[in-house]
Structure formats: C-alpha cells, structure tokens
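Visitor: Handing you a structure now.
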Amino acid sequence: MKHNVGGIDRVARIMVGLVLIGLTLAGQIGMWGWIGIVPLLTGAFGFCPPYALFGFNTCSLQKK
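Using our numbering, the letters of the sequence shown correspond one by one to residues 2 to 65.
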C-alpha cells in the first residue's frame with residue numbers, strides 16, 4: 002500500500018475523526034458520528050482508497 006495522503010491532509014483527517022467520535026461519545030450527535038472512524042483510519046495509515054481509485058495524491062514524498 003503506497004501512501005497517498007500527505008501531512009496536512011492526514012492531520013485534518015485525524016482531527017475530524019476524533020472530533021466526530023468524541024461528539025458521539027459525549028451524546029452531542031447521533032450514531033452517525035461513528036463515521037469518524039473512516040477519516041481517523043485513513044489519516045493514521047496515510048492511505049485513502051478513493052484517492053487511489055481516482056489517482057489523487059497529497060503526499061509530497063515520492064519514492065524512486
């Protein structure tokens with residue numbers, strides 16, 4: 002699996018994921034907040050399947 006999610010994108014995904022999960026656990030939003038697991042995992046692993054499918058890459062590191 003090649004990384005396709007860059008630094009700022011990763012941080013943003015992790016923060017959004019944590020906020021959604023936190024709001025769900027606090028009872029502020031409904032069960033749909035568990036969708037925060039998706040951006041949390043894509044940010045943590047640095048790989049986003051839709052990015053790969055459409056050829057996007059926000060990662061600045063290019064391995065030769």
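Even for Gly, the Cβ is constructed at its ideal location relative to N, Cα and C.
Under 7 Å, do Thr43 and Gly7 count as touching if we go by C-beta distance?
Guide: Reading the sequence shown from its first residue, position 42 is the one you call residue 43. Reading the sequence shown from its first residue, position 6 is the one you call residue 7. Not a contact, by the Cβ cut-off of 7 Å.
Visitor: Where does Thr25 fall in DSSP's three states?
Guide: Numbered from 1 along the sequence shown, position 24 holds the residue referred to as residue 25. If DSSP states are grouped into helix, strand and coil, Thr25 belongs with the helices.
Visitor: On the premise that Ile9 lies in contact with Ile1, defined as a C-beta separation below 8 Å, what is that separation, rounded to the nearest angstrom?
Guide: This structure cannot speak to residue 1, because the chain is shown only from 2 to 65.
Visitor: Indicate the three-state DSSP secondary structure (helix, strand or coil) for Ile38 in the structure shown.
Guide: What you label residue 38 is simply residue 37 of the sequence shown in a count that begins at 1. The answer is helix: DSSP assigns Ile38 an H, G or I state.
Visitor: Could you tell me if Pro40 is buried or exposed, where buried requires 16 or more neighbouring beta carbons within 10 angstroms of its beta carbon?
Guide: Here residue 40 corresponds to residue number 39 of the sequence shown, with the count starting at 1. Under this definition Pro40 is a buried residue.
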